[in-house]
């Protein structure tokens, strides 16, 4: 009888130990069977357009493989295709982070990229200026000979001193009608420096023309006189 009681007393600890062993084995199997969700997509939220010399904040919203979405607060790499136009500033410029600050450095457009866990997305950042005044210099030029080019560039400025020549639009008119035989375009490496040069296509007529400068952010215009000599 003493032997039977001793065996019965040991049966319970053996059962518990066996149960714990099964639980441990099952847990190890689950670790291999159930995997953590992975990032499948990123969306860049916020207004990517920014005024010149000001900044805007962009956030990355991620969706995992289990279809759960959240704003990413860390682990995102931010970059700009052209930091001379739109630059990533602060800690995000050199290391991963959550939200990024984008500074408008010069007028134009740059592509902002957010990347994490081999997933990325982009947004176009346009740097613009609020225009209160528009001017063009010189106010008159002469092209000698048909098919010629203005000897110096037209420079378009906003608000007195901000050069917007690279993004301004120059159209040419004669007697109030826009012509297509004389065209103006920005040349960063022009013979007399960067700016807008106007060129005839060889079929234009000699005479006096008007160059009208406009900018997409305003209805303001600036005007200059262009004279084309036939010889």
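In this note's numbering, the protein residues as written are 46 to 276. Beta carbons: idealized from backbone N, C-alpha and C, even for Gly.
Residue from 132, 235 and 273 with nearest C-alpha to residue 245:
273
Nearest to residue 225 by alpha carbon, out of 166, 215, 231 and 234?
215
Cβ of residue 131 within 8 Å of Cβ of residue 147?
yes
Option in 111, 127 and 275 with minimal Cα separation from residue 153:
127
Would you list the residues sitting across from residue 229 in a DSSP beta bridge?
243
Determine the extent of the beta strand (DSSP E) in which residue 199 is found, giving its start and end residues.
Premise fails: residue 199 is in no beta strand (DSSP E) and is neither H nor E.
Are residue 94 and residue 134 touching if we call contact CB-CB under 8 Å?
no
Taking just the CA atoms, how far does residue 155 sit from residue 254?
35 Å
Looking only at its own chain, which residues have a Cβ that is under 8 Å from the Cβ of residue 232, when we skip the five neighbours before and after it?
198, 239, 240, 241 and 242
If we count the other Cβ atoms within 10 Å of its Cβ and call it buried at 16 or more, is residue 186 buried or exposed?
buried
So, residue 180 versus residue 202, is the Cβ gap smaller than 8 Å?
yes
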